[in-house]
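>
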């Protein structure tokens, strides 16, 4: 799946991944890949700018740590990020229900007379 197809949804996906706990950048990419069964194989050039944007918005906090002699930035969801994620989920439910009325399986609804 291309990054362009995720336009408007990438931030929510990142927040959802971080809901499980703090992760460094590559682990976030791996979590997206694993939870999507490989459909979301996004490049670092897509993920890191989004993480920085979420950090500027106050939805994600980051800190540096050293693991096996390598510096890593670890990201975690903030309380504001948790609230933003709840809002994204509500918006997604409404959006998917509305689009599902057109693209979902079954008979198309009849138009009002």
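Numbering (full-length UniProt numbering), first residue to last: 1 to 113. Virtual Cβ for every residue (Gly too), placed ideally from N, Cα, C.
(1) With a cut-off of 8 Å, do at least 3 Cβ pairs link the segment 49-59 to the segment 88-102?
(2) When burial is assigned at 16 or more other CB atoms within 10 Å of the CB, is residue 81 buried or exposed?
(3) Which residue wins for smallest C-alpha separation from residue 46, given the options 7, 75, 92?
(4) Below 8 Å between beta carbons: does that hold for residue 75 and residue 22?
(5) Do residue 56 and residue 64 count as a contact pair if the criterion is CB distance below 8 Å?
Judging by the given coordinates:
(1) Result no; under three Cβ-Cβ pairs closer than 8 Å.
(2) Buried, because 16 or more other Cβ atoms sit within 10 Å of the Cβ of residue 81.
(3) With distances taken between Cα atoms, residue 46 lies closest to 7.
(4) Cβ atoms of residue 75 and residue 22: closer than 8 Å.
(5) Not in contact: residue 64 and residue 56 (Cβ atoms no closer than 8 Å).
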